[in-house]
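One structure below.
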Amino acid sequence: MLLQAFKQLRTLRSNIKLVVVGDPYASRKGEKAEYQKKVLDAAKEIGTDCIMAGGQSPDQMHNFYHIADLVIVPSQVEEAFCMVAVEAMAAGKAVLASKKGGISEFVLDGITGYHLAEPMSSDSIINDINRALADKERHQIAEKAKSLVFSKYSWENVAQRFEEQMKSWFDK
């Protein structure tokens with residue numbers, strides 16, 4: 047759906063590129079193989095405005111966050127924790143994400159990022175991208191998100207919460 051939306055969005059915004067990071071060849075079985083073929087075909091149809099960067103190591107991801115104006119996470123699965131969104135927020139980038147799973151716990155619409163409208167469609171994605179890119183507060187929202195990530199997910203805070211949880215379980 048994101049690629050369909052981007053194809054339409056290019057007619058409204060001439061200065062836009064889509065960089066898709068992830069390995070479309072990672073799993074070639076069943077429904078996934080069919081979906082992956084559709085993604086690759088759609089990317090080819092878009093041409094040079096859509097860059098399929100493939101799978102990247104964690105060490106290389108910062109390069110992609112650095113060039114992004116907006117990181118879009120249109121996840122359709124109930125992920126417990128979306129590392130991509132957290133990494134993008136830590137890099138000081140605005141995040142536009144679905145409300146599926148744990149993402150909605152830290153990507154708060156208009157506060158630390160933006161939510162994709164549900165039900166998601168090509169038109170709703172276009173509207174959401176335009177809304178986020180046009181928001182004069184986008185950079186401040188990205189900075190709030192960065193502060194949240196560094197305060198909530200620092201090793202010190204994670205270790206402290208882990209220790210508190212252990213004590214609550216075993217100090218009875």
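All residue numbers for the sequence shown refer to the working numbering, where the first residue is 47 and numbers rise by one.
From the three backbone atoms N, C-alpha and C, an ideal C-beta is built for every residue, glycine too.
The structure presented is a predicted model; accordingly, all values stated were derived computationally and were not measured.
- In this chain, the alpha helix (DSSP H) harbouring residue 171 covers 168-180.
- Bounds of the beta strand (DSSP E) holding residue 143 are 141-143.
- By the C-beta criterion, the region 156-172 is judged to be in contact with the region 50-70, since at least 3 inter-stretch pairs fall below 8 Å.
- For the pair residue 86 and residue 159, the Cα-to-Cα distance works out to about 28 Å.
- The DSSP assignment places complete beta strand (DSSP E) segments of no fewer than 3 residues inside the region 113-165 at 117-119 and 141-143, in order along the chain.
- At the C-beta level, residue 188 and residue 156 stay beyond 7 Å of one another.
- Contact between the region 117-126 and the region 101-109 is absent: fewer than three C-beta pairs spanning the two stretches fall below 8 Å.
- When rounded, the separation of the alpha-carbon atoms in residue 92 and residue 151 is 34 Å.
- Between the alpha carbons of residue 177 and residue 214 lies a distance of about 44 Å.
- For the pair residue 82 and residue 88, the Cα-to-Cα distance works out to about 10 Å.
- Between residue 55 and residue 165, the alpha-carbon positions lie close to 19 Å from each other.
- For residue 162, the closest alpha carbon among the candidates 47, 112 and 120 is that of 120.
- Sequence-distant Cβ neighbours of residue 96 in its own chain, meaning closer than 6 Å and more than five residues away, are 64 and 89.
- The straight-line gap separating the alpha-carbon atoms of residue 201 and residue 118 is approximately 26 Å.
- Pairing residue 204 with residue 149, the inter-Cα distance amounts to about 18 Å.
- Assignment of beta-bridge partners to residue 195 by DSSP yields no partner.
- Counting other Cβ atoms within 10 Å of its Cβ, residue 115 stays below 16 and is therefore classed as exposed.
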